[in-house]
Amino acid sequence: MRFRLKILAGSLLIFALVAGAYILYSSSDNKSIIKGQETASEVEEVNISDKTVAIDSGHGGIDPGKIGVGGIYEKNVNLAIAKKLKILLEQSGITVIMTRSDDNGLYDESDTNKKAVDMKKRVSIINEGNVNAAVSIHQNSYVSAESKGAQVFYYKASDEGKKLAAAIQKNMLKEVDSTNKRVEKADSTYYMLLHTNVPTVIVECGFLSNPDEAGRLNSEAYQQKVAYGIYCGIMEYLTDS
Numbered sequence: 001m002r003f004r005l006k007i008l009a010g011s012l013l014i015f016a017l018v019a020g021a022y023i024l025y026s027s028s029d030n031k032s033i034i035k036g037q038e039t040a041s042e043v044e045e046v047n048i049s050d051k052t053v054a055i056d057s058g059h060g061g062i063d064p065g066k067i068g069v070g071g072i073y074e075k076n077v078n079l080a081i082a083k084k085l086k087i088l089l090e091q092s093g094i095t096v097i098m099t100r101s102d103d104n105g106l107y108d109e110s111d112t113n114k115k116a117v118d119m120k121k122r123v124s125i126i127n128e129g130n131v132n133a134a135v136s137i138h139q140n141s142y143v144s145a146e147s148k149g150a151q152v153f154y155y156k157a158s159d160e161g162k163k164l165a166a167a168i169q170k171n172m173l174k175e176v177d178s179t180n181k182r183v184e185k186a187d188s189t190y191y192m193l194l195h196t197n198v199p200t201v202i203v204e205c206g207f208l209s210n211p212d213e214a215g216r217l218n219s220e221a222y223q224q225k226v227a228y229g230i231y232c233g234i235m236e237y238l239t240d241s
C-alpha cells in the first residue's frame, strides 16, 4: 500500500511533521507520502502495508505501577496512551498487537509469582507476533518533584532499537514538549529490552511525581499529544527501515 499526495473525498487527513518532513495520511486507501520541506517538489513514496507494531501497556491488574501525585495510577495512564496510539497507527494502515487492552494482568490468579508470569507473557506476545517494532508505554517517578520530561530507553546492543528510540525521542520533543532536555538512553537491565528479539523501546512519557506533569499526563488531551509524538517517531522509523 503506497501513500500519495491526493486527498480523496471522505478521507481522514492526519498532518504530522516527521524528521523535517510532512506526512499526509488518507484513511480511504491507506496511502500517504513524505514531502520534504527543503525539496517540496520531490516525493518519496513509502510502503508500510506489511508493517506490524506491538504496543505494551505497562503494568495492569494487581500491579498499579507508579502511584503519582493525586493518586494517579500509572497503569491507567499507560493504557489510555496505548489505546490512542493504536488508533493512530491503525488509521495509517499499520497492524497493531496489544499486550493488554484492559486492566487485566497477564497472569492467572493461581500463579504464585504473578509479576514474573506477566512479564514473560508480554515478551512472548511480542516475540511471536512477527512485529517490526515494539513500544512499551510507561510513566516515570522520582524522589524529587522537580524531575520531568519524557525519555526513551533501548537495549544497548540493539542498533535498530537505538534508531527507534532516537526517532521517538526526537518527535516527542517536537510534538509534546520542546523544553525537554532528556535524550534517548541505552539500558541493559530492563527485562523486556533484554528478552525481546525485535527492536523494542520503553517510553517513559513523563514523571507522575511531578505535580504539573502528572496533571497533564492524567488529561485526555495531553495523552493524545503524547500518543501522537510516539506515533510520529514510529512512522519515521518504519519509513526509514
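Sequential numbering from 1 applies to the sequence shown in our numbering.
Cβ coordinates follow ideal geometry from the N, Cα and C atoms, glycine included.
Relative to residue 181, the option among 157, 101, 148 whose CA is nearest is 148. For residue 57, the three-state secondary structure derived from DSSP is strand. For the stretch 94-155, the continuous alpha helix (DSSP H) assignments of 4+ residues that do not extend past its boundaries occur at 114-127, in sequence order. Non-local C-beta neighbours of residue 191 in its own chain, meaning closer than 6 angstroms and more than five positions away in sequence, comprise 119, ordered along the chain.
In the structure shown, residue 196 adopts coil according to DSSP, grouped into three states.
Closest in alpha carbon position to residue 122, among 112, 173, 135, is 135. Runs of alpha helix (DSSP H) with 4 or more residues, each lying fully within the stretch 61-92, are found at 74-91, listed in chain order.
In the three-state DSSP reduction, residue 167 falls in the helix class (H, G or I).
Three or more Cβ pairs drawn from the stretch 217-237 and the stretch 75-88 lie within less than 8 angstroms of each other, which places the two stretches in contact. Residue pairing of residue 212 in beta bridges, as defined by DSSP: absent, with no partner found.
Between residue 205 and residue 81, the C-beta spacing is below 8 angstroms.
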